[in-house]
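Structure, as C-alpha cells:
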Amino acid sequence: MFSAFLSPQSQIFLRFMIYSSAVNTTPLQPIIREIVWQKKQEVAQLHQQMSLASLQRQLIAAPKVRDFLTTLQQCPYRPSLIAEVQKGSPSHGSIRADFDPVAIAKASERGGAACISVVTEASFFDGGFKILNAIRQRVALPLLFKEFIIDPCQIYLARAAGADAVLLIAAILTDRELQDFLRVIHYLGMNALVEIHTLAELDRVLKLNDIRLIGINNQNLQDFTIDISTTQNLLTARKSQLLSLGVTVVSESGLYAHTDLSLVAEAGANAVLVGESLIKENDIEQAVRHLLKRDTPN
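In terms of our numbering, the sequence shown is residues 7 to 304.
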C-alpha cells in the first residue's frame, strides 16, 4: 500500500522484490545449476541487507550511463569487439597470474575494443564489484556487467556501480523474467545483452518486446563443447526476423583469430565478445590489434 508514496523508480524496484518465479535449470550442467543455487542465496542476503533509500542514493551517485549499443554499432572495426576482463573460471582456475583488471581494460581500449565486458561473479569466477568500479574509474568505454542475473536487485546494483549494459542468460530465466528484467534495464538507461545458446532460446527471445541486443554463445551448456558454427546456423535460421527487428547480434566463445571473426561477420554477427584468448596474451593491446587486423599502431 505504501508503494504509492514511492518514486516511480522505487515502485518498479518494490514490485520486482515481491514476486519470484522458478528458474528452470534442469537441462544444464551441474556447475550451472550450482551457480544459480548459490546466486539465490546471495540474492536472499542482499534483500535482507539492502534498503530502498540506500539504493536510491547509490543510483543518484552512479556515473552517467554510456551508450553500449550505439558504441558497438558505430565502431569502425567490423565486427566490433567487446573485450572481456575475467580473473578466473571453474574450468580453468586463474586465467592470468599477473591479473590487473584496469591494465587489461586499458590495453584492450588502446587496441581497438569498442566495449569492455567485466565478469563480476565472485564465488565461481573470482570477480566482484571492486573490479567493475576500478575499471569504471579509469576506462572510458561502455561496460557490460557479466553476472548470473536472477533478480532485479542485481540490475540496480550494477547500475549503481557504473555498468552500462547487463547480461541476461535466457537459459536460466523464464520468459516473464526476461521481459521484466529488460524493462528495468531499459528504464535505468542501460542496454541488455540477452544471451542464447540454441534455436529454441532464440525463438523465445525474439518474442520479447523491445529486444535490441542478442548474444549467441557458441558454447553448449549441456556438455560445454564450443562450435562457432552455432552462430552461423542460428543466424541462417532466423536472419530475416533479426533484421526486421533491427537486433544487433554478438557472437561469443570460440573466437581466436581474425578468420573466426570474419566467419561470424559474414553470417550476420555485428559484434564479438572475446575473453580468455586475449587475457592470456603477454601483449594484450597488440593481440587485440591483431585480432581486428590493426597491427600497425595509429
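Every residue gets a Cβ at the ideal spot worked out from N, C-alpha and C, and that includes glycine.
In this text the structure is predicted, and so the values were computed from the model without any measurement.
Identity of the residues DSSP links to Lys1 by a beta bridge:
Lying outside 7 to 304, the shown extent of the chain, residue 1 is not represented and no answer is given.
From Ala111 to Lys93, what does the alpha carbon distance come to, in whole angstroms?
Cα-Cα distance, rounded: 12 Å.
Within the chosen definition, does the segment 116 to 131 reach the segment 75 to 95 through at least 3 CB pairs nearer than 8 Å?
A contact exists between the segment 116 to 131 and the segment 75 to 95.
Indicate the three-state DSSP secondary structure (helix, strand or coil) for Gln225 in the structure shown.
Correct three-state label for Gln225: strand.
Do Pro148 and Ala171 come within 9 Å of each other at the CB atom, strictly closer than that value?
Yes, they are a contact pair.
Quick one: residues in its chain with C-beta nearer than 7 Å to the C-beta of Pro96, no 5 flanking neighbours on either side, listed in chain order?
Result list for Pro96: Ile37, Phe130, in chain order.
Per DSSP, Val172 is paired with what?
Bridge pairing for Val172: Phe151, Ala198 [DSSP].
Is it true that the CB of Leu248 sits closer than 9 Å to the CB of Leu212?
Note that the C-beta distance between Leu212 and Leu248 is below 9 Å.
Give the C-beta separation of Pro82 and Ala277 to the nearest angstrom, bearing in mind that I take them to be a contact with Cβ-Cβ under 8 Å.
About 13 Å; that fails the 8 Å criterion.
Beta-carbon proximity check, Ala120 vs Leu174, cutoff 9 Å
9 Å or more divides the Cβ of Ala120 from the Cβ of Leu174.
Taking CB distances under 9 Å as the criterion, tell me whether Ile217 reaches chain D.
Any reference to chain D falls outside this structure, which holds one protein chain only.
Using 8 Å for Cβ pairs, my map puts Ala275 next to Leu241. What's the rounded Cβ distance?
That belief holds up - the Cβ atoms of Ala275 and Leu241 are roughly 7 Å apart, short of 8 Å.
Tell me, which residues are paired with Glu258 by DSSP?
DSSP, once it has assigned bridges, lists Asn223, Leu279 as partnering Glu258.
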